[in-house]
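Chains as they are written, first to last, in the numbering used here: chain A, 604 to 686; chain B, 604 to 686; chain C, 604 to 686; chain D, 604 to 686.
First up is the structure itself, then whatever we jot down about it.
Protein chains: 4
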Amino acid sequence: MARVVVDVMLKPEILDPQGKAVHGALPRLGFEGVSDVRQGKRFELDLDGDVTEQRLAQVHEIAEKLLSNPVIEDYAIHVADES
Amino acid sequence: MARVVVDVMLKPEILDPQGKAVHGALPRLGFEGVSDVRQGKRFELDLDGDVTEQRLAQVHEIAEKLLSNPVIEDYAIHVADES
Amino acid sequence: MARVVVDVMLKPEILDPQGKAVHGALPRLGFEGVSDVRQGKRFELDLDGDVTEQRLAQVHEIAEKLLSNPVIEDYAIHVADES
Amino acid sequence: MARVVVDVMLKPEILDPQGKAVHGALPRLGFEGVSDVRQGKRFELDLDGDVTEQRLAQVHEIAEKLLSNPVIEDYAIHVADES
Numbered sequence: 604m605a606r607v608v609v610d611v612m613l614k615p616e617i618l619d620p621q622g623k624a625v626h627g628a629l630p631r632l633g634f635e636g637v638s639d640v641r642q643g644k645r646f647e648l649d650l651d652g653d654v655t656e657q658r659l660a661q662v663h664e665i666a667e668k669l670l671s672n673p674v675i676e677d678y679a680i681h682v683a684d685e686s
Numbered sequence: 604m605a606r607v608v609v610d611v612m613l614k615p616e617i618l619d620p621q622g623k624a625v626h627g628a629l630p631r632l633g634f635e636g637v638s639d640v641r642q643g644k645r646f647e648l649d650l651d652g653d654v655t656e657q658r659l660a661q662v663h664e665i666a667e668k669l670l671s672n673p674v675i676e677d678y679a680i681h682v683a684d685e686s
Numbered sequence: 604m605a606r607v608v609v610d611v612m613l614k615p616e617i618l619d620p621q622g623k624a625v626h627g628a629l630p631r632l633g634f635e636g637v638s639d640v641r642q643g644k645r646f647e648l649d650l651d652g653d654v655t656e657q658r659l660a661q662v663h664e665i666a667e668k669l670l671s672n673p674v675i676e677d678y679a680i681h682v683a684d685e686s
Numbered sequence: 604m605a606r607v608v609v610d611v612m613l614k615p616e617i618l619d620p621q622g623k624a625v626h627g628a629l630p631r632l633g634f635e636g637v638s639d640v641r642q643g644k645r646f647e648l649d650l651d652g653d654v655t656e657q658r659l660a661q662v663h664e665i666a667e668k669l670l671s672n673p674v675i676e677d678y679a680i681h682v683a684d685e686s
């Protein structure tokens with residue numbers, strides 16, 4: 604079994620209210636020195652068998668069609684070595 | 604500036620309906636061979652200055668107090684080299 | 604066509620870090636007098652045909668099996684009169 | 604104490620992959636007759652005191668500034684009678 608991770612974040616130019624809320628809550632908790640916070644989604648896909656180029660191409664397609672909205676979000680795929 | 608990433612996932616024993624929905628939608632789109640999908644949250648924190656041990660300890664505290672619910676979620680922190 | 608709404612919220616006894624972040628960010632923006640904030644999910648389901656008792660029973664099953672984790676979340680179903 | 608609810612949904616013209624995933628998973632579970640699913644966020648704000656017009660104006664401001672991204676999302680505010 605292999606684990607592939609797909610990270611989906613709002614594009615940098617798109618305002619992210621969730622991240623902004625976290626950022627805004629930090630000072631009151633005594634945390635200084637954080638200049639920005641962005642919140643996105645992380646998907647962990649467990650694949651049967653090995654991670655071949657073909658399987659990765661498939662994960663790209665899944666990321667584009669089902670995990671993200673390419674108009675407002677970027678995604679990044681990486682193979683997890685942990686687990 | 605340094606970027607630290609906090610990944611927050613439901614604990615493995617906690618049912619994840621969002622991941623299940625993604626998993627259930629894959630076959631209809633023609634994707635086979637994915638045995639499981641889990642969905643979590645990814646936070647990107649931009650820190651002023653360098654990532655010292657003290658700063659990382661602070662990020663752990665933020666992760667525990669503001670980004671996750673330790674009863675149902677696990678978190679992982681890593682320093683991003685990209686960006 | 605009929606629209607049915609399913610609201611999914613963490614159970615009251617489960618800590619909600621997202622809501623806490625929003626709550627914590629309010630004072631800095633000048634908002635006082637909010638004693639608590641909870642964040643949940645809202646699903647809008649468009650059904651073909653009318654909303655019969657049988658259809659509503661089906662939506663309950665969908666809510667239980669695919670939209671929520673009954674161990675940590677509560678859901679509420681209501682038929683939307685607005686479109 | 605009064606509870607005000609803010610529903611935040613992606614604008615209708617913005618593709619919603621989360622809702623699409625739920626929609627795509629329904630047939631396999633035996634649910635037919637759902638023509639569309641959209642997923643959004645629901646915020647429950649507990650206010651000290653009564654819900655005056657001034658307080659509601661404040662909630663509108665919170666919704667615009669902290670709970671939604673007006674470029675891609677719409678929000679709706681309603682006073683909850685339950686609870």
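We put the beta carbon where it would ideally sit given N, CA and C, even for glycine.
Exposure of residue i, with buried meaning 16 or more beta-carbon neighbours within 10 Å
{"i": "B:S671", "result": "buried"}
{"i": "D:G636", "result": "exposed"}
{"i": "B:R658", "result": "buried"}
{"i": "D:P673", "result": "exposed"}
Residue of the options minimising C-alpha distance to residue i
{"i": "D:R645", "options": "C:V682, C:L613, C:A605", "result": "C:L613"}
{"i": "C:I634", "options": "D:L650, D:S638, D:G643", "result": "It should be noted that the sequence gives Phe, not Ile, for residue 634 of chain C. For the residues D:L650, D:S638, D:G643, the minimum Cα distance to C:F634 belongs to D:L650."}
{"i": "B:A605", "options": "B:A660, B:H681, B:P673, B:G652", "result": "B:G652"}
Distance between residue j and residue i (C-alpha atoms, nearest Å)
{"i": "A:K668", "j": "C:A683", "result": "29 Å"}
{"i": "A:K623", "j": "A:R641", "result": "7 Å"}
{"i": "A:A679", "j": "C:E656", "result": "44 Å"}
{"i": "A:I617", "j": "D:D639", "result": "26 Å"}
{"i": "A:P620", "j": "C:G643", "result": "15 Å"}
{"i": "D:S686", "j": "D:R631", "result": "Residue placement at D:S686 is poorly supported in this model, since its pLDDT is 46, which falls under 50; the coordinates are not used for a value here."}
{"i": "C:H681", "j": "A:H681", "result": "40 Å"}
{"i": "B:D677", "j": "B:P615", "result": "9 Å"}
{"i": "A:I675", "j": "C:A660", "result": "35 Å"}
{"i": "D:G627", "j": "B:G627", "result": "7 Å"}
Residue i vs residue j beta-carbon contact at 8 Å
{"i": "C:V654", "j": "C:V625", "result": "no"}
{"i": "B:V611", "j": "B:V662", "result": "no"}
{"i": "D:I665", "j": "C:L648", "result": "no"}
Identity of the residues DSSP links to residue i by a beta bridge
{"i": "B:D639", "result": "A:D649"}
{"i": "A:K644", "result": "A:V611, B:K644"}
{"i": "B:D619", "result": "DSSP, once it has assigned bridges, lists no residue as partnering B:D619."}
{"i": "B:I680", "result": "B:V609"}
Chain F residues whose Cβ lies nearer than 8 Å to that of residue i
{"i": "D:V625", "result": "No chain F appears in this structure, whose protein chains are A, B, C and D."}
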